[in-house]
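Okay, structure first, notes after.
Numbering (this note's numbering), first residue to last: 122 to 340.
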């Protein structure tokens, strides 16, 4: 079942990080991140991942519900990072699993048991073997990286580079979204290598430029 149909333009996957915002008299860091979700969704960003690992279950649920409300206003999808329980509880469109999280097949069985046939499952991968395993386990899409050099992903080793990333795109039969060091200067290289789209945190961290960044990435 094709739950994530690649659009005619590029897939854009915004990953939240409310800590990149500063609370002030205009709103809290959470308020500003939710507003960024709204701006991105209105501009055409198709997927949003809620990745706020420091929040407890209650706070994460409240934040996620606000993000879902903002994104669904423009018919865009929200996935919860790794917390399958929260994804079910708040009515998210899916879950995004770490490569070392619960098996994708187990998440799919849990969704099917709840009658959630359209529930999307994305998986983070960092190698061809991991990508193939995610595909064979029933993932709807994978996020793969780091493609380019980036200090935030050094824990995963050297960047894949475009050649290895391109091989992954050719070998799996689900959308592959590029992550890691993606900028406006190099995102087209990832697309040309076979990516269905791009995922990022820092690229979307400036709300004043978010609308124009999304629109450029969609071209």
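Beta carbons are placed, not taken as given, at the ideal position from N, Cα and C, and that holds for glycine.
Residue 261 counts as buried, since no fewer than 16 other beta carbons sit within 10 angstroms of its beta carbon.
Unbroken beta strand (DSSP E) stretches of 3 residues or longer found wholly inside the region 181 to 230: 198 to 202, 215 to 218, given in chain order.
Spanning the alpha carbons of residue 283 and residue 146 requires a straight line of approximately 44 Å.
Excluding sequence positions up to five before and after residue 150, its CB lies within less than 7 Å of the CB of 139, 140, 142, 143, 144, all in the same chain and listed in chain order.
When Cβ pairs closer than 8 Å are counted between the two stretches, the region 290 to 308 is seen to touch the region 250 to 268, the count reaching three or more. Collapsing the DSSP output to three states places residue 234 in a helix.
Closest option to residue 237, judged by alpha-carbon separation, among 247, 214, 207: 214.
Here residue 287 is not bridged, per DSSP, to any residue.
The shortest CA-to-CA distance from residue 176 to any of 195, 202, 168 is the one to 202. Residue 325 sits in a helix when the DSSP states are folded into three classes. When DSSP states are grouped into helix, strand and coil, residue 298 belongs to the strand group. Every beta strand (DSSP E) of 3 residues or more that sits fully in the region 144 to 177 is shown, in chain order, as 168 to 171. Between residue 136 and residue 218, the alpha-carbon positions lie close to 13 Å from each other. Between the region 242 to 262 and the region 217 to 232, the count of C-beta pairs closer than 8 Å reaches three or more; the two stretches touch.
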